[in-house]
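Engineer:
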Amino acid sequence: METFENSKNPTVLIACWTGVALLLVAADFFAGPFLQFPITFLIPVALASWFNGRWYGLAFAVVMPMIRFYFVTQVWAVPWTIVEASVNAVIRVVVLSLFALLIDRTARQTSQLQKEVGLLEGLLPICAFCKKIRDEKEEWQPIEKYISEHSPASFSHGLCPDCIQKHYGKVLNNK
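Take a look at the structure:
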């Protein structure tokens, strides 16, 4: 089954997140300076960070508060000073940027975990005698080769005490 992030072109996703951001900024504009819902800015920041990476999330985290700052300082008549508006804008940029970084880190960790689970998941058909593993192409490979190609694991060969006794017991007992 194809996941959402793999089903769309990254450019299309950015266009979607930009559309969401524009709708939220428009709603923010029409609500006026006294009704504030900065939590809604988290939506496009989270979507861009999760599906497109940190830099896109950070771009939304900076641009959206700056648009509101423009409205406050240039469009609306507000009772607060430009210093107060600047401080609020900086706070929003910092909080949204930290949120974008957190979402990006979570997305990367989730992706890495999915890869690891994919490596370790499922039953491996293995020959009871020679211990070769049948791969996706229905070909039999030595276990060392298969595991090395499908995981970061590597092999170091040794002998367990039972096998030493079974295969070399006569030699060891004659000493």
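Heads up: the sequence shown begins at -3 in my numbering, then just goes up one per residue. Cβ coordinates follow ideal geometry from the N, Cα and C atoms, glycine included. Note that the structure is predicted; figures quoted are calculated from it, not measured.
Given 8 Å as the limit, is there contact between the stretch 89 to 102 and the stretch 52 to 64, that is, 3 or more CB pairs closer than that?
Structural biologist: yes
Engineer: What are the start and end residues of each continuous alpha helix (DSSP H) run of 4 or more residues lying completely inside the stretch 4 to 37, in chain order?
Structural biologist: 6 to 27
Engineer: Does DSSP put Trp76 in a helix, in a strand, or in coil?
Structural biologist: Here residue 76 refers to the residue found at position 80 of the sequence shown. Trp76 falls in the coil class under three-state DSSP.
Engineer: Strictly by DSSP, which residues pair up with Ile143?
Structural biologist: Counting from 1 along the sequence shown, the entry for residue 143 is found at position 147. Looking at the DSSP assignment, Ile143 forms no beta bridge with any residue, so it has no partner.
Engineer: With 16 other CB atoms within 10 Å as the buried threshold, where does Met60 fall?
Structural biologist: As a working note, residue 60 is residue 64 in the sequence shown. Buried, by the Cβ-count rule.
Engineer: When burial is assigned at 16 or more other CB atoms within 10 Å of the CB, is Ala81 buried or exposed?
Structural biologist: Within the sequence shown, the letter at position 85 stands for residue 81. Answer is buried; the Cβ neighbour count reaches 16.
Engineer: Ignore the nearest five residues each way along the sequence and tell me which others in Thr69's own chain have a CB closer than 8 Å to its CB.
Structural biologist: Within the sequence shown, residue 69 is the residue found at index 73, counting from 1. Around Thr69: Ile78, Ala81.
Engineer: Could you give the distance in angstroms between the alpha-carbon of Ala22 and the alpha-carbon of Phe67?
Structural biologist: The count along the sequence shown starts at 1 and reaches residue 22 at position 26. The count along the sequence shown starts at 1 and reaches residue 67 at position 71. For Ala22 and Phe67, the distance between alpha carbons rounds to 11 Å.
Engineer: Within 10 angstroms of its Cβ, does Leu18 collect 16 or more other Cβ (buried), or is it exposed?
Structural biologist: Taking the sequence shown and counting its residues from 1, the one referred to as residue 18 is at position 22. Burial call: exposed.
Engineer: Which first and last residues belong to the alpha helix (DSSP H) in which Cys159 is found?
Structural biologist: By one-based count along the sequence shown, residue 159 stands at place 163. Counting along the chain, the alpha helix (DSSP H) containing Cys159 begins and ends at 157 to 169.
Engineer: Can you pull the DSSP bridge partners for Arg130?
Structural biologist: Counting from 1 along the sequence shown, the entry for residue 130 is found at position 134. According to DSSP, which records beta bridges pairwise, Arg130 is partnered with Trp136.
Engineer: Quick check on the burial criterion: 16 or more other C-beta atoms within 10 angstroms. Buried or exposed for Ser152?
Structural biologist: To locate residue 152, count along the sequence shown from 1; it is residue 156. When all chains shown are included, Ser152 counts as exposed.
Engineer: Just to confirm, is the Cβ distance from Thr36 to Leu20 under 8 Å?
Structural biologist: The residue labelled residue 36 in the question sits at position 40 within the sequence shown. The residue labelled residue 20 in the question sits at position 24 within the sequence shown. Yes, they are a contact pair.
Engineer: Give me the Cα-Cα distance between Asp131 and Val167, rounded to the nearest whole angstrom.
Structural biologist: Position 135 of the sequence shown, counted from the start, is the residue given in the question as residue 131. Position 171 of the sequence shown, counted from the start, is the residue given in the question as residue 167. Computed Cα separation, rounded: 38 Å.
Engineer: DSSP has Ile122 in a bridge; who is on the other side?
Structural biologist: Along the sequence shown, read from residue 1 onward, the residue named residue 122 stands at position 126. Ile129, per the DSSP bridge assignment.
Engineer: Does DSSP put Phe151 in a helix, in a strand, or in coil?
Structural biologist: By 1-based counting over the sequence shown, the position of residue 151 is 155. Looking at Phe151 - three-state DSSP - the assignment turns out to be coil, as it is neither helix nor strand.
Engineer: Do you know how far the Cα of Asn48 is from the Cα of Lys127?
Structural biologist: Position 131 of the sequence shown, counted from the first residue, corresponds to residue 127. Position 52 of the sequence shown, counted from the first residue, corresponds to residue 48. Distance between the alpha carbons of Lys127 and Asn48: 43 Å.
Engineer: In the structure shown, what three-state DSSP assignment does Glu1 receive?
Structural biologist: Here residue 1 refers to the residue found at position 5 of the sequence shown. Caution is warranted here: a pLDDT of 49 is assigned to Glu1, below 50, making its placement in the model unreliable, and no coordinate value can be reported.
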